[in-house]
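Asker: Per our numbering, the first sequence starts with residue 3, numbered consecutively. Below is a structure I'd like to ask you about.
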Amino acid sequence: MKSYLQNILQNALDKISPEPVKPDIIIEKPRTPEHGDAATNLAMTLAGTLRMPPRKIAEQLIENLDYDASKIKAVEIAGPGFINFRYADNWLFDQLGEVIKLGSDYGKTTGNSGKKMQVEFVSANPTGPLTVGHGRNAVLGDTIARLLEWTGADVDREYYFNNAGRQMRVLGESVRARYLQLLGEDAELPEGGYEGAYIADIAQKLIDENGDKLKNTQPDNPQFKQAAEEAIFEDIRNTLDRMNIRMDQFFNENTLYEDKSIDSVVQRLRDKGLAYDKDGATWFKTTEFGKEKDTVLIKSTGEPTYRLPDIAYHISKLERGYDLCIDIFGADHIATYPDVVSALKALGYDSSKIDVQVYQFVTIVKDGQPFKMSTRKANFVTLDELMNEVGPDVTRFFFLMRTPGTHLEFDIAEAKEAGEKNPVFYLQYAHARIHSIMVKASEEYNMEQTPDLSLLTHESEIALIKQVFQFPDAIALASQHREPHRLITYMNEVAGHFHKFYHDCRIMGEDAPIARARIALLQATRTTLANGLRILGISAPEKM
RNA sequence: GCGCCCGUAGCUCAGUUGGAUAGAGCGUUAGAUUCCGGUUCUAAAGGCCGGGGGUUCGACUCCCUCCGGGCGCACCA
3 MKSYLQNILQ NALDKISPEP VKPDIIIEKP RTPEHGDAAT NLAMTLAGTL RMPPRKIAEQ
63 LIENLDYDAS KIKAVEIAGP GFINFRYADN WLFDQLGEVI KLGSDYGKTT GNSGKKMQVE
123 FVSANPTGPL TVGHGRNAVL GDTIARLLEW TGADVDREYY FNNAGRQMRV LGESVRARYL
183 QLLGEDAELP EGGYEGAYIA DIAQKLIDEN GDKLKNTQPD NPQFKQAAEE AIFEDIRNTL
243 DRMNIRMDQF FNENTLYEDK SIDSVVQRLR DKGLAYDKDG ATWFKTTEFG KEKDTVLIKS
303 TGEPTYRLPD IAYHISKLER GYDLCIDIFG ADHIATYPDV VSALKALGYD SSKIDVQVYQ
363 FVTIVKDGQP FKMSTRKANF VTLDELMNEV GPDVTRFFFL MRTPGTHLEF DIAEAKEAGE
423 KNPVFYLQYA HARIHSIMVK ASEEYNMEQT PDLSLLTHES EIALIKQVFQ FPDAIALASQ
483 HREPHRLITY MNEVAGHFHK FYHDCRIMGE DAPIARARIA LLQATRTTLA NGLRILGISA
543 PEKM
């Protein structure tokens, strides 16, 4: 419908405009129903270029507007020059039939079809369990991937990790210390070691499997680190699985060293005069790109900083042929990714294919106090603990509810208490209630007959139909902005319109024709809610 | 000091890429339901959209400035 309106408006514009103009024609749903079902501000935006008053332009547009009366009932000028459209009733009923026919595919659009995309998210190094701090990243990434899939894209979910480096070495040493302690030896955690109880669990497992055979091996015996990495990764996968997240690929940073792509990046930057040596280190000339200081790529110890593999990694993504690569980053990375983009540009890659989504941090409040988390010091609340308390649905919903750009205050006590008062129940309850009505109705009425949808004339019925029709637009919008909360806002409105309808219009006890028509409307509403919940990765229960 | 993000009802937050009279939930107050699930619905109260300038037909939205909060600014990731 949106593109239809844009089409006929453009045709009318071609007739009245002395010179060809092709503006972006914005069609929106007015806030108040008196302003119709769809509106455009086209006449106002054109006032400047056509040098005519907006209302005059609107009049001429309408005079030249060639529209299908089976779709549009009325076109009006309002306010300073808005053009308002009202949909024809029969068109509404036809579309309602389409929604039911589409079923679990309703809401899918083709704006991104044929495109290969990648979303990289979580990407936590395997030094400990996933915490609520990682939760926002994980859920946002997965849901953005789902939204893109619903707009037609082929999406890969990728987890990038580093199992070398200092943190992992300290992790291995920590396991070794616990291992020795469990065997009654005198051992101490290394400086800055990991204090969490899971370290001792891993050490215990090593004892179960190897006894004390590892006692007299070298302190840097890789078995400790490997055992830790395996156990922690298994734990992380399980947590993600519980949250309804399945990665397509885990990408190990180490492969970028093995295939020499790191060296290649440095060499290519040198060739462009963008890398040089100073004080025993290798520097990237970020001052060329407006930064105040140059940036170290390789430390004087010979070890690269994380920025270098980051550049190589993004080159790898682009060379794998993705049309779009989305990075989900916390606010702490905000200052670092411009370097990566600069490097990609300088080396001749199309950096517009990299889309960095930065979300603001989650502030944990525990016992009424801000709570500073640290994986190393074992001050954290894990996602598993949270899911044990409130379940995966509430967990996902909590992280998706708000716009990613604002801080999310996560009060542990409130989340636990939230339980039944949590807003996610409002959506799930609507779905369960519809299911229950439909089961009852199918016992009472013959559902074989085709419903006569034109019997849906009540204000609440029409409002619900129109709300259901907004679904594909809501998905497309949330997908474009990479903001899942926009879909939630929409779905709350669906549930609201449904409950109003439920309150105003009965089914059981009504004559069969009207009952059948209303059940069809329920079917479409249920489809919308179920599909929406599926995108959010939240269950759509039949009973609660 | 520099860069980025955020200030909207008592609280938590929306606000359709500059539009028509700024909305919802929770909380408060007053109501509805013999009947399909009361985890529901209706209504009221509650606002200088942090302050001040600017841009234009029109600003919560864009620009500047100030105030207040968060996060970055390493040869750490």
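Backbone N, C-alpha and C fix where the C-beta goes; we use that ideal spot for every residue, glycine too.
What's the call for His499, buried or exposed, on a 16-neighbour Cβ count within 10 Å?
Answerer: Burial call: buried.
Asker: From the DSSP output, in three-state form, read off Asn13 for me.
Answerer: In the structure shown, Asn13 sits in a helix (DSSP, three-state: H, G or I).
Asker: Beta strand (DSSP E) containing Asp70: first to last residue?
Answerer: Premise fails: Asp70 is in no beta strand (DSSP E) and is neither H nor E.
Asker: Beta-carbon within less than 7 Å of Gln469's beta-carbon, same chain only, minus the 5 sequence neighbours each way: which residues are those?
Answerer: The residues are Glu495, Val496, His499.
Asker: With burial defined as no fewer than 16 other Cβ atoms inside 10 Å of the residue's Cβ, what is the status of Arg159: buried or exposed?
Answerer: Label assigned to Arg159: buried.
Asker: By Cβ distance below 7 Å, which residues in the same chain neighbour Trp93 in space, the five residues on each side in sequence not counted?
Answerer: Excluding sequence neighbours, Trp93 sits near Ser72, Lys73.
Asker: Would you please state the rounded distance, in angstroms, between the beta carbons of Leu429 and Leu523? I believe it to be under 8 Å.
Answerer: Leu429 to Leu523, Cβ: 18 Å. No contact.
Asker: Look at the alpha carbon of Ile477 and the alpha carbon of Leu11, and state the distance between them as a whole number of angstroms.
Answerer: Each residue's alpha carbon lies about 24 Å from the other.
Asker: Write down the C-beta distance between Met249 and Leu385 rounded to the nearest angstrom, noting that I regard them as a contact closer than 8 Å.
Answerer: In fact, because the Cβ distance is near 15 Å, the residues do not count as touching under 8 Å.
Asker: Could you tell me which residues DSSP puts in a beta bridge with Cys327?
Answerer: Partner(s): Gln120, Ile356.
Asker: In or out: Ser125 buried (at least 16 other Cβ within 10 Å) or exposed?
Answerer: That one is buried.
Asker: Per DSSP, what kind of secondary structure is Thr284 in: helix, strand or coil?
Answerer: In this structure, Thr284 counts as strand in the three-state DSSP scheme.
Asker: Quick check on Ser344: buried or exposed, where buried means 16 or more other Cβ atoms within 10 Å of its Cβ?
Answerer: Buried: at least 16 other Cβ atoms inside 10 Å.
Asker: Look up Thr219 in the DSSP assignment and say whether it is helix, strand or coil.
Answerer: Coil, per DSSP.
Asker: Leaving aside the five residues before and after Gly135 along the sequence, list all residues of the same chain whose C-beta is less than 7 Å from its C-beta, in chain order.
Answerer: Contacts found: Val364, Met375.
Asker: In angstroms, rounded to a whole number, what distance separates the CA positions of Phe87 and Ser438?
Answerer: Spanning the two alpha carbons is a distance of roughly 36 Å.
Asker: Comparing C-alpha positions only, which one of His335, Tyr339, Gly282 sits nearest to Phe291?
Answerer: It is Tyr339 whose Cα lies nearest to the Cα of Phe291.
Asker: So, are the CB atoms of Ile300 and Val342 less than 8 Å apart?
Answerer: For Ile300 and Val342, no; Cβs fall outside 8 Å.
Asker: So, are the CB atoms of Asn533 and Gly109 less than 8 Å apart?
Answerer: The answer is yes: Cβ separation under 8 Å.
Asker: Please determine, among Pro515, Asp279, Glu61, the residue with the shortest C-alpha to C-alpha distance to Ser302.
Answerer: With distances taken between Cα atoms, Ser302 lies closest to Asp279.
Asker: With H, G and I counted as helix, E and B as strand and the rest as coil, what does DSSP make of Tyr162?
Answerer: Reduced to three states, the DSSP call for Tyr162 is strand.
Asker: Find the nearest neighbour of Gln220 within the set Ile209, Asp68, Arg178, judged by alpha-carbon distance.
Answerer: Answer by Cα proximity: Arg178.
Asker: Among all the DSSP beta bridges, which residues are the ones paired with Lys300?
Answerer: Checking the sequence shown, residue 300 turns out to be Ile, not Lys. DSSP, once it has assigned bridges, lists Thr284, Pro306 as partnering Ile300.
Asker: Which residues in the same chain as Ala40 place their Cβ atom closer than 8 Å to its Cβ, once the five residues preceding and following it in sequence are excluded?
Answerer: Answer for Ala40: Met3, Lys4, Leu7, Ile29, Glu30, Lys31, Pro32, Asn86, Phe87, Tyr89, listed in chain order.
Asker: Three-state secondary structure (DSSP) at Phe363?
Answerer: The answer is coil: DSSP assigns Phe363 none of H, G, I, E or B.
Asker: For the region 350 to 365 against the region 207 to 214, are there 3 or more C-beta pairs whose distance is under 8 Å?
Answerer: Judged by Cβ distances under 8 Å, the region 350 to 365 makes no contact with the region 207 to 214, as fewer than three pairs qualify.
Asker: Would you kindly work out how many angstroms separate the C-alpha atoms of Gly412 and Ala233, rounded to a whole number?
Answerer: First, the residue type needs correcting, since residue 412 is Phe and not Gly in the sequence shown. Each residue's Cα considered, the two are about 28 Å apart.
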